[in-house]
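A.B. asks:
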Amino acid sequence: MFKTRVLEHLPPRRMRIGAVIAALFLVASACGGDDASDTTSATTAMAETTTTTTPTTTTSAPPATEEREEDDHDHEEEHDHEEDDHDHEDDEDHHEDEHEEDDHEHEEEDHEHEDDHVDLTVTDGSGREITLESPAERVLCVQDNCTDLTSDLGIVPVAQHRGDGWGSPAAYYGDDAADIPVLGDRMSVEEVAQYEPDLIIGRVGEEEVRDALEVVAPVYLVDIGGVETLKEGWIDVGILTGRHEEAEAAIERFEANVAALASDLPDGAVDTRVAVGFGDTNWMIWDSSSFCEFLHDEGAGTCAFPDQGESEYGSPDSEFSWEFIVETDPAVWVMITWPGSARYDTVAEEVWLNTTAHREGRVCEEDSAGSFGHGLLMLQWAYQCYLNAGWPAIYDHPGDLAVWLPPSS
Numbered sequence: 003m004f005k006t007r008v009l010e011h012l013p014p015r016r017m018r019i020g021a022v023i024a025a026l027f028l029v030a031s032a033c034g035g036d037d038a039s040d041t042t043s044a045t046t047a048m049a050e051t052t053t054t055t056t057p058t059t060t061t062s063a064p065p066a067t068e069e070r071e072e073d074d075h076d077h078e079e080e081h082d083h084e085e086d087d088h089d090h091e092d093d094e095d096h097h098e099d100e101h102e103e104d105d106h107e108h109e110e111e112d113h114e115h116e117d118d119h120v121d122l123t124v125t126d127g128s129g130r131e132i133t134l135e136s137p138a139e140r141v142l143c144v145q146d147n148c149t150d151l152t153s154d155l156g157i158v159p160v161a162q163h164r165g166d167g168w169g170s171p172a173a174y175y176g177d178d179a180a181d182i183p184v185l186g187d188r189m190s191v192e193e194v195a196q197y198e199p200d201l202i203i204g205r206v207g208e209e210e211v212r213d214a215l216e217v218v219a220p221v222y223l224v225d226i227g228g229v230e231t232l233k234e235g236w237i238d239v240g241i242l243t244g245r246h247e248e249a250e251a252a253i254e255r256f257e258a259n260v261a262a263l264a265s266d267l268p269d270g271a272v273d274t275r276v277a278v279g280f281g282d283t284n285w286m287i288w289d290s291s292s293f294c295e296f297l298h299d300e301g302a303g304t305c306a307f308p309d310q311g312e313s314e315y316g317s318p319d320s321e322f323s324w325e326f327i328v329e330t331d332p333a334v335w336v337m338i339t340w341p342g343s344a345r346y347d348t349v350a351e352e353v354w355l356n357t358t359a360h361r362e363g364r365v366c367e368e369d370s371a372g373s374f375g376h377g378l379l380m381l382q383w384a385y386q387c388y389l390n391a392g393w394p395a396i397y398d399h400p401g402d403l404a405v406w407l408p409p410s411s
């Protein structure tokens, strides 16, 4: 009973082995022998039995392994798909980031282009600020000196002030001047507006004209009172028309030409008495503003004119008495002339004939000089003419405006 219970608790395989051993033991006991060889045979038979059961267990393993390999392969494929999906998501995220960066860069570029836009702002000769959003392409002149400025900067105005011998634009534009429309002396807002100007150019002293015309376009007034203010006008208009480089080049030409002329001046030239006059039959002594100031600053002469109040144009010009001429006795006379005006050989006054200027032939006639001294080109022309009249042995050329025009004109 004890042995039976013990076997009940053993595993089935061990129970079978135990039963075989027990049977052999009973057989041996019954036969009365304890031959070792029988025991060995029994043990060998048991071992063979044990050995034969092992392949059965072994042969059942491969199917399980193949299934696991397939499962592993499936898992690997799923993992690969997950990685592919992840890589694809990463690519999409990367492309989205690149698109966002590109959009950001385009926004920055657009912002930079917006920042690049700068309004053109200057202050004119009257102290008023002028602002344009873009360079003016259609420039209209309402004063003679404007033609001097526009031609020096290579601009052809859409319309100009007057076109006869007084300040004739033909001196600046030659035959092409005939193609430039001419405004009358009493121009109207409607007349100016029909030319659709982007910028109107006048001069200081004509603020009423500016106030009337600025409903059409911005009006820039040039200060013609001196060389430096003229230069400022050239630079300002250069900025407003996108021709800043041309304006600087014009000023450099002016300075170089004047320096070359002044280098030959004789000593004491600044004390030379100069009279500037114009008129139809008689004369008016004219301060000439910029021209007389320019002569003195260059050490080339000193204008003489009587004490008198300023004219409506801001300069002390008026009809003078011949007694003043006798007292002053100008050594050089600069005559501003135009077709039909008084000239060197038409004035018959005895006093005039006895002046040093007339006796020695030191007279400069400035034709088409409506803008006399009111532009950098005209100043060079007038200066050359004056020097030739005062010292013909040194300055053997009477002057020609064409000599001073910019190379492209």
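So for the sequence shown, the working numbering puts the first residue at 3; every next one is plus one. Glycine included, every Cβ here is placed at the ideal spot set by N, Cα and C.
1) Between G279 and W335, which are expected to be in contact by the criterion C-beta below 8 angstroms, what is the C-beta distance as a whole number of angstroms?
2) Quick one: using the 10 Å Cβ neighbour count with 16 as the cut-off for buried, is E139 buried or exposed?
3) Please go through the segment 135 to 165 and give each complete alpha helix (DSSP H) segment of 4 or more residues, from N-terminal end onward.
4) Which runs of the beta strand (DSSP E), 3 residues or longer, sit entirely within the segment 203 to 249?
5) I need the boundaries of the alpha helix (DSSP H) containing T274, first residue and last residue.
6) Measure from the alpha carbon of V206 to the alpha carbon of each residue in V144, G342 and V224, then state which is nearest.
7) From the DSSP output, in three-state form, read off E362 for me.
8) Would you grab the beta carbon distance between L378 and D154 for me? Rounded to a whole angstrom, and I think it's under 8 angstroms.
9) Alpha carbons only, please: which of N259, R245 and E250 is nearest the one belonging to W383?
10) What is the DSSP secondary structure of I132, counted as helix, strand or coil?
11) Considering only C-alpha positions, which residue in the set T358, L215, Q145 and E216 is nearest to D187?
12) Go to I338, then tell me how far its beta strand (DSSP E) extends in each direction, as first and last residue.
13) Answer yes or no: do V229 and S292 have a C-beta to C-beta separation smaller than 9 angstroms?
14) Distance, Cα to Cα, E352 vs P171?
15) Is C143 near I203, with beta carbons less than 9 angstroms apart?
16) Could you check what DSSP says for T357 in three-state terms: helix, strand or coil?
17) For V124, which residues does DSSP report across the bridge?
18) Provide the residue span of the alpha helix (DSSP H) that contains F307, from first to last.
19) Determine whether the beta carbon atoms of E248 and P408 lie at a separation below 9 angstroms.
20) Going by other Cβ atoms of all chains shown within 10 Å of its Cβ, with 16 needed for buried, is L151 buried or exposed?
21) Quick check on this structure: which residue in D331, E208, A261 and V239 has the alpha carbon closest to the alpha carbon of G301?
22) For the alpha helix (DSSP H) that contains W383, what are its first and last residues?
23) Give the DSSP-derived three-state secondary structure of E368 in the structure shown.
24) Could you work out which residue in G244, H298 and V158 is closest to T274 when comparing CA atoms only?
25) Do the CB positions of Y385 and F307 come within less than 9 angstroms of each other?
26) Measure the CB-CB distance between A359 and A395 and report whether it falls below 9 angstroms.
27) Going straight from the alpha carbon of E234 to that of M380, what length do you get?
28) Drop a sphere of 10 angstroms on the beta-carbon of D238, count the other beta-carbons inside from all chains shown, and report buried for 16 or more, exposed for fewer.
29) Return the bridge partner residues of L201 from the DSSP annotation.
30) Suppose the cutoff is 6 angstroms on Cβ atoms and the five residues either side in sequence are ignored; what does the same chain contact list for Y397 look like?
C.D. replies: Here's the rundown:
1) 7 angstroms
2) exposed
3) 146 to 154
4) 221 to 224
5) Neither: T274 is in no alpha helix (DSSP H) and is coded neither H nor E.
6) V224
7) coil
8) 6 angstroms
9) N259
10) strand
11) Q145
12) V334 to T339
13) yes
14) 36 angstroms
15) yes
16) coil
17) I132
18) It is not in any alpha helix (DSSP H) - F307 carries neither H nor E in the DSSP assignment.
19) yes
20) buried
21) A261
22) L378 to G392
23) strand
24) H298
25) no
26) no
27) 16 angstroms
28) buried
29) V141
30) L389 and N390
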